[in-house]
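First up is the structure itself, then whatever we jot down about it.
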Amino acid sequence: MLTAVAGLFLIALCYVAQCSTRPYGTCRRCQGWGCKIRQTRTGRLTRGRQCRRCSGYGRRLRVGRRLYNSLSHLQHEGTR
Ligand SMILES: [Zn+2]
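See the structure below:
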């Protein structure tokens, strides 16, 4: 039981470190392509429509980083 808690804590610590060093992850919808990948009739792969979720960037802000940003903005607004 204690090792499980320690493992979870370690995983959470790694996630926090990742959120602070690399706040962007790849878009889950387009897997970082920034667009839909379509196949033509001849079988070639071409760029399709731009991804709506990341608007073509292929990246998304991590959930933890978004949480941190909103909390820091909240604190900034509250202690002004
Ligand atoms: Zn995308």
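Heads up: the sequence shown at position 77 corresponds to 91 in my numbering, and the numbers run straight through without jumps. In this text, a Cβ means the ideal position worked out from N, Cα and C, and glycines have one as well.
For residue j and residue i, the rounded distance between their alpha carbons
i, j, result
"E91", "T54", "51 Å"
"Y38", "Q32", "9 Å"
"M15", "L24", "14 Å"
"A26", "R58", "42 Å"
"R80", "R52", "31 Å"
"G62", "C41", "16 Å"
Environment of residue i [buried if 16+ CB atoms lie within 10 Å]
i, result
"C44", "buried"
"R74", "buried"
"C28", "exposed"
The alpha helix (DSSP H) enclosing residue i, as first and last residue numbers
i, result
"C28", "L16 to T35"
Residues sharing a beta bridge with residue i, DSSP
i, result
"R73", "T40"
"C68", "C68 pairs with nothing; no bridge assigned."
"Q53", "L59"
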